[in-house]
Amino acid sequence: MRVKLMVAVAFAGAAQLALAPAVRADTWTVMIYMASDNDLERFAPPNVEEMARVSGANLTVVMQADRFGAHDATPFLGADVYQGVRRYEIDTAGATLVEDLGTVDMTDPATISDFEAWAFATYPADHYALVMWDHGGAWQGANQDENGGRAITPASDLVAGIAGGMPVDVYFDVIGFDECLMANFEVVQALAPLTTVIVASEELEAGSGWDYEPFLRSIVDDPLVTAEVVGAAIADGFALKQQAAGDPTYTLSV
């Protein structure tokens, strides 16, 4: 789970990566799958605020977020407090409600697939990133839903859900886990055919999670940005966030 960190520094920065040749990346759609119907709920609104600090003609950020309010009743920017699953567009105008799905099991692979299929069809782009936001448990899986779902999504269901929502001949440039323990061999091996870059932590991750502003800004600021550079921006932003919080130990891999 994403809890207090107890591990050594080991993150990949832009200078440490062997970058691929730049290819044109005119537009990006970033999909955030936020399973926050659990004790991490209080960290969701601050992360949404970070996302909302960036807008650009070449960037669309869409989020499917599950909430209950039992652990935190702070609303998202521009949105009311709610129970259930909603879809939002996130930009500097705030969180714009697109669809209210009611009570949906966020641990069901079909729910993951449906979100992705909707995002691919509704927000087509040249490049795509998917971020899983919640608890993580390595080969055991990730994402939990305290109301209407399971205590964890098995890794096999997680991979099946991600793969099931992808159109033929389309794959992700980046798949990231803002979750603990997901940079393990089994998960990476299973996801390797689906993406160019994987971002995840091999150890525990702070509940406050990533800083979403730097990596979204890396897309907006450079129309030629590569998946590798976006991944490095996630890691660098996370490192700076943890340092600012006084955490001397953290890990994130690209």
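The opening residue of the sequence shown carries number 653 in this note's numbering; numbering runs sequentially from there. Don't be surprised by glycine CBs; every beta carbon is placed ideally from N, CA and C.
request  = Drop a sphere of 10 angstroms on the beta-carbon of residue 754, count the other beta-carbons inside from all chains shown, and report buried for 16 or more, exposed for fewer.
outcome  = Locating residue 754 in the sequence shown gives position 102, counting from the first residue. Classification for residue 754: exposed.
Excluding the 5 residues flanking residue 670 on each side, which residues of the same chain have their C-beta closer than 7 Å to its C-beta? For the purposes of this step, residue 670 is taken as the residue at position 18 of the sequence shown. Residue placement at residue 670 is poorly supported in this model, since its pLDDT is 48, which falls under 50; the coordinates still yield a value, given next. No residues qualify anywhere along the chain.
Spatial distance of residue 776 from residue 681 (CA atoms): Here residue 776 is taken as the residue at index 124 of the sequence shown, counted from 1. Here residue 681 is taken as the residue at index 29 of the sequence shown, counted from 1. The alpha-carbon atoms of residue 776 and residue 681 are separated by roughly 7 Å.
**Asked** With which residues is residue 905 paired in a DSSP beta bridge?
**Response** Here residue 905 is taken as the residue at index 253 of the sequence shown, counted from 1. For residue 905, the pairing in a beta bridge is given by DSSP as 852.
For the stretch 712-727 against the stretch 879-893, do three or more pairs of beta-carbon atoms, one drawn from each stretch, fall closer than 8 Å, so that the two count as touching? Judged by Cβ distances under 8 Å, the stretch 712-727 makes no contact with the stretch 879-893, as fewer than three pairs qualify.
| In this structure, does DSSP put residue 868 in helix, strand or coil? | Position 216 of the sequence shown, counted from the start, is the residue given in the question as residue 868. In the three-state scheme derived from DSSP, where H, G and I count as helix and E and B as strand, residue 868 is classed as helix.
Closest Cα partner of residue 720 within the set 697, 860, 798, 773: Residue mapping note: residue 720 aligns to position 68 of the sequence shown, counting from 1. Across the set 697, 860, 798, 773, the C-alpha of 798 shows the shortest separation from the C-alpha of residue 720.
On the three-pair Cβ rule with 8 Å, is the stretch 814-822 touching the stretch 759-768?
The way I'd put it, the stretch 814-822 does touch the stretch 759-768; three or more beta-carbon pairs between them come closer than 8 Å.
Self-check item: Nearest residue (CA-CA) to residue 702, options 885, 728, 871, 865
Solution: As a position in the sequence shown, residue 702 is number 50, starting the count at 1. The shortest Cα separation from residue 702 among 885, 728, 871, 865 belongs to 865.
By the three-class DSSP mapping on this structure, what secondary structure does residue 791 have? Along the sequence shown, one-based indexing puts residue 791 at 139. Of the three classes helix, strand and coil, the one that applies to residue 791 here is helix, per DSSP.
Could you tell me the alpha carbon to alpha carbon distance between residue 784 and residue 725, rounded to whole angstroms? Stepping through the sequence shown from its first residue, residue 784 is reached at position 132. Stepping through the sequence shown from its first residue, residue 725 is reached at position 73. When only Cα atoms are considered, residue 784 and residue 725 end up about 22 Å apart.
task = Would you kindly report the start and end of the unbroken alpha helix (DSSP H) that includes residue 882?
result = Position 230 of the sequence shown, counted from the start, is the residue given in the question as residue 882. 879-896 is the span of the alpha helix (DSSP H), which, as asked, contains residue 882.
Note to self: Rounded to the nearest angstrom, what separates residue 859 and residue 875 at their Cα positions?
What the structure shows: The residue you call residue 859 lines up with position 207 of the sequence shown. The residue you call residue 875 lines up with position 223 of the sequence shown. Spanning the two alpha carbons is a distance of roughly 31 Å.
query: Span of the beta strand (DSSP E) holding residue 634?
result: The chain is shown only over 653 to 906; residue 634 falls outside these bounds and no answer can be derived.
### Query
Applying the criterion that 16 or more other CB atoms from any shown protein chain within 10 Å of the CB defines a buried residue, is residue 792 buried or exposed?
Counting from 1 along the sequence shown, the entry for residue 792 is found at position 140. With fewer than 16 other CB atoms across the displayed protein chains lying within 10 angstroms of its CB, residue 792 is exposed.
- Item | Start-to-end residues for the beta strand (DSSP E) that takes in residue 804 | On the sequence shown, residue 804 is found 152 positions in, with the first residue counted as 1. Boundaries cannot be given for residue 804, as no beta strand (DSSP E) includes it and DSSP labels it neither H nor E.
- Query: Where residue 780 and residue 843 are concerned, what is the direct C-alpha to C-alpha distance, given to the nearest angstrom?
  - Reply: Within the sequence shown, numbered from 1, the residue matching residue 780 stands at position 128. Within the sequence shown, numbered from 1, the residue matching residue 843 stands at position 191. In this structure, the straight-line span from the alpha carbon of residue 780 to that of residue 843 is close to 15 Å.
How many Å lie between residue 818 and residue 898 at the Cα? As a first step, residue 818 is located in the sequence shown; it is residue number 166 there, counting from the start. As a first step, residue 898 is located in the sequence shown; it is residue number 246 there, counting from the start. Looking at the two C-alpha atoms, the distance is approximately 39 Å.
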